[in-house]
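If you're matching positions, the sequence shown starts at 1 in UniProt numbering and goes up one per residue.
The structure under discussion appears below in the form of structure tokens.
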Amino acid sequence: MQSGSVVVVPRYGNYAEVQETGVRKRYKVDGQDMEVTFFQAYIDGVDFVFIDSPIWRHLDNNIYGGNRVDILKRMVLFCKAAAEVPWHVPCVYLKAYYRDHGVMKYTRSVLVIHNIAHQCIYAVGSHACNVLLMITSWYQHLDGDNVLEGTFMRILCIQGRGPVEDFNYVDLPEHYIDLFKLYDPIGGEHFNIFAAGLKAADRIVTVSHGYAWELKTSEGGWGLHGIIHENDWKLRGIVNGIDTKDWNPRFDVHLTSDGYTNYTLETLHSGKHQCKAALQKELGLPVRKDVPLLAFIGRLDQQKGIDLIAEANA
Numbered sequence: 001m002q003s004g005s006v007v008v009v010p011r012y013g014n015y016a017e018v019q020e021t022g023v024r025k026r027y028k029v030d031g032q033d034m035e036v037t038f039f040q041a042y043i044d045g046v047d048f049v050f051i052d053s054p055i056w057r058h059l060d061n062n063i064y065g066g067n068r069v070d071i072l073k074r075m076v077l078f079c080k081a082a083a084e085v086p087w088h089v090p091c092v093y094l095k096a097y098y099r100d101h102g103v104m105k106y107t108r109s110v111l112v113i114h115n116i117a118h119q120c121i122y123a124v125g126s127h128a129c130n131v132l133l134m135i136t137s138w139y140q141h142l143d144g145d146n147v148l149e150g151t152f153m154r155i156l157c158i159q160g161r162g163p164v165e166d167f168n169y170v171d172l173p174e175h176y177i178d179l180f181k182l183y184d185p186i187g188g189e190h191f192n193i194f195a196a197g198l199k200a201a202d203r204i205v206t207v208s209h210g211y212a213w214e215l216k217t218s219e220g221g222w223g224l225h226g227i228i229h230e231n232d233w234k235l236r237g238i239v240n241g242i243d244t245k246d247w248n249p250r251f252d253v254h255l256t257s258d259g260y261t262n263y264t265l266e267t268l269h270s271g272k273h274q275c276k277a278a279l280q281k282e283l284g285l286p287v288r289k290d291v292p293l294l295a296f297i298g299r300l301d302q303q304k305g306i307d308l309i310a311e312a313n314a
């Protein structure tokens, strides 16, 4: 079996690099047959599969556009089509369409949480959570030696909420509805795609150890902390890595001009002071050794603590 990574995305535009594969499939969404065409491109060493359908056209740059049901239908079509990509099977439909019938028993799914606060009404990212459940009750004719076994999937997801009745759109067996139900003390019982993804994923990964802890608190779990607590055994926080060669201050090419300097462990003190002074000068700040220089990288959003920085500055 060929190993590697495949990125599967909707074809929102006429991308120059992609080539049509000649593969067309029809999927039923809300009782209507919808045809999709698979396109492929190999970019920077990565295989990309683009799924084309009229349902994604005319969105221009507003890929999140439409009402709740429109977005949900696009999500369901993407899930079904992505499950047909022979090298990659995303998250929720994996169990419902395959595993319950002894197919893809060794395939594993990983749900990656970047920001659990984004519980928008079926944002496009929500489709990833929904895929894991679709894969066990649909392909009953496949056998256990299916070529997709052993696939490892990385799913990026944000939450999708709606009324419980929206379960009718996802085309799953009736007993799967309990995976999607979530009780909100304010809004009552609702349909939550992320909740289903958390329950169905084999592993849950987030961006740091600290954020993994925060997700289990009532303040940081955004209504899902109970489910995350129940699935704590499969939750891990993994900090993003860096290229230790490119960002080694001894060899960093960005520290070779404009007053900056490369430095080593032996010249750490003088080197950092010189780089600090060069950065203060570049930013138009007073060049002072007696004040700390702090940097913030993030969105200007209250969730990121920018309000605390503003208050401290005032």
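Quick reminder that beta carbons are idealized off the backbone N, C-alpha and C, glycines included.
(1) Got a sec? Which residues, its chain only, sit under 6 Å from I204 by beta carbon, not counting five neighbours each side?
(2) What residue ranges within the UniProt domain "Starch synthase catalytic" (156–229) form continuous beta strand (DSSP E) runs of no fewer than 3 residues, ordered along the chain?
(3) I need the straight-line Cα distance from I113 to E165, nearest angstrom please.
(4) Just the C-alpha distance for D232 and A83, rounded to the nearest angstrom, thanks.
(5) What residue range does the beta strand (DSSP E) around D47 cover?
(6) From this set, P10, D47, G259, which residue's C-alpha is nearest P54's C-alpha?
(7) Determine, using beta carbons only, whether V46 and T37 come nearer to each other than 9 Å.
(8) In angstroms, rounded to a whole number, what distance separates the CA positions of K272 and N313?
(9) Under the rule that 16 or more other beta-carbon atoms within 10 Å means buried, what is N67, buried or exposed?
(10) Can you tell me which of A41, D171, Y106 puts its alpha carbon nearest to the alpha carbon of R74?
(11) Under the assumption that Y183 contacts E174 (Cβ atoms under 8 Å), give the Cβ distance between them as a whole number of angstroms.
(12) Where does G271 fall in DSSP's three states?
(13) Can you tell which of Y260, D243, A117 has its C-alpha closest to the C-alpha of F194?
(14) CB-CB under 8 Å to F251, same chain, minus the five flanking residues each way: which ones, in chain order?
(15) Per the DSSP calculation, F39 is bridged to which residue(s)?
(16) Work out the CA separation of K216 and D290 for me, nearest whole Å.
(17) For R11, name the three-state secondary structure that DSSP assigns.
(18) Going by CA-CA distance only, name the one from K28, A41, D33 that's closest to A16.
(19) By the three-class DSSP mapping on this structure, what secondary structure does D33 have?
(20) Please name the residue or residues paired with L235 in a DSSP beta bridge.
(21) So what does DSSP say about K245, is it helix, strand or coil?
(22) Name the DSSP bridge partner or partners of K276?
(23) Just curious, the alpha helix (DSSP H) that I309 is in, first and last residue?
(24) Hey, could you find the ends of the alpha helix (DSSP H) D290 is sitting in?
(25) Helix, strand or coil: which one does DSSP assign to V6?
(26) Nearest to T21 by CA position, among D52, S5, L198, is which residue?
(27) Measure the Cβ-Cβ separation of A81 and K25 and say whether it is below 9 Å.
Looking at the atomic coordinates:
(1) The residue you call residue 204 lines up with position 204 of the sequence shown. These residues qualify, in order along the chain: L111, K234, L235.
(2) Within the UniProt domain "Starch synthase catalytic" (156–229), the complete beta strand (DSSP E) runs of at least 3 residues are 181–184, 188–192, 203–206.
(3) For the purposes of this step, residue 113 is taken as residue 113 along the sequence shown, with counting starting at 1. For the purposes of this step, residue 165 is taken as residue 165 along the sequence shown, with counting starting at 1. Using only the alpha carbons, I get a separation of about 26 Å.
(4) Looking up residue 232 in the sequence shown gives position 232. Looking up residue 83 in the sequence shown gives position 83. CA-CA distance, D232 to A83, rounds to 27 Å.
(5) The residue you call residue 47 lines up with position 47 of the sequence shown. Counting along the chain, D47 sits inside the beta strand (DSSP E) bounded by residues 46–52.
(6) Taking the first residue of the sequence shown as position 1, residue 54 is located at position 54. When each option's Cα is compared against that of P54, the closest is P10.
(7) Taking the first residue of the sequence shown as position 1, residue 46 is located at position 46. Taking the first residue of the sequence shown as position 1, residue 37 is located at position 37. Cβ atoms of V46 and T37: not closer than 9 Å.
(8) Counting from 1 along the sequence shown, the entry for residue 272 is found at position 272. Counting from 1 along the sequence shown, the entry for residue 313 is found at position 313. Spanning the alpha carbons of K272 and N313 requires a straight line of approximately 24 Å.
(9) In the sequence shown, the residue the question calls residue 67 occupies position 67. It is exposed - the Cβ of N67 has fewer than 16 other Cβ atoms within 10 Å.
(10) To locate residue 74, count along the sequence shown from 1; it is residue 74. The shortest Cα separation from R74 among A41, D171, Y106 belongs to D171.
(11) The residue labelled residue 183 in the question sits at position 183 within the sequence shown. The residue labelled residue 174 in the question sits at position 174 within the sequence shown. The C-beta distance from Y183 to E174 rounds to 19 Å, too long to meet the 8 Å contact threshold.
(12) Residue 271 sits at position 271 when you count from the first residue of the sequence shown. If DSSP states are grouped into helix, strand and coil, G271 belongs with the helices.
(13) Locating residue 194 in the sequence shown gives position 194, where the first residue counts as 1. Taking F194 as reference, the option from Y260, D243, A117 with the minimal CA-CA separation is A117.
(14) Numbered from its first residue, the sequence shown carries residue 251 at position 251. Within the same chain, and ignoring the five residues on either side of F251 in sequence, the residues whose Cβ sits closer than 8 Å to its Cβ are K245, N262.
(15) Residue 39 sits at position 39 when you count from the first residue of the sequence shown. Answer is E20, F50, bridged to F39.
(16) Locating residue 290 in the sequence shown gives position 290, counting from the first residue. Locating residue 216 in the sequence shown gives position 216, counting from the first residue. Pairing D290 with K216, the inter-Cα distance amounts to about 40 Å.
(17) Position 11 of the sequence shown, counted from the first residue, corresponds to residue 11. In the displayed model, R11 falls within coil according to three-state DSSP, outside both helix and strand.
(18) On the sequence shown, residue 16 is found 16 positions in, with the first residue counted as 1. The candidate whose alpha carbon is nearest that of A16 is A41.
(19) Looking up residue 33 in the sequence shown gives position 33. Three-state DSSP puts D33 in a strand.
(20) Within the sequence shown, residue 235 is the residue found at index 235, counting from 1. For L235, which the question treats as bridged, DSSP gives the partners I204.
(21) As a working mapping, residue 245 is identified with position 245 in the sequence shown. In the three-state DSSP reduction, K245 falls in the coil class, being neither helix nor strand.
(22) Taking the sequence shown and counting its residues from 1, the one referred to as residue 276 is at position 276. Answer is none; K276 lacks a bridge partner.
(23) Numbered from 1 along the sequence shown, position 309 holds the residue referred to as residue 309. From DSSP, the alpha helix (DSSP H) with I309 extends over 306–313.
(24) What you label residue 290 is simply residue 290 of the sequence shown in a count that begins at 1. Careful: D290 lies outside any alpha helix (DSSP H) and carries neither H nor E.
(25) Walking along the sequence shown from the start, residue 6 turns up at place 6. Here DSSP, grouped into helix, strand and coil, assigns V6 to strand.
(26) Your numbering for residue 21 matches position 21 in the sequence shown. The closest CA to that of T21, considering only D52, S5, L198, is found on D52.
(27) The residue you call residue 81 lines up with position 81 of the sequence shown. The residue you call residue 25 lines up with position 25 of the sequence shown. Yes; because the gap between Cβ atoms is below 9 Å, this pair is in contact.
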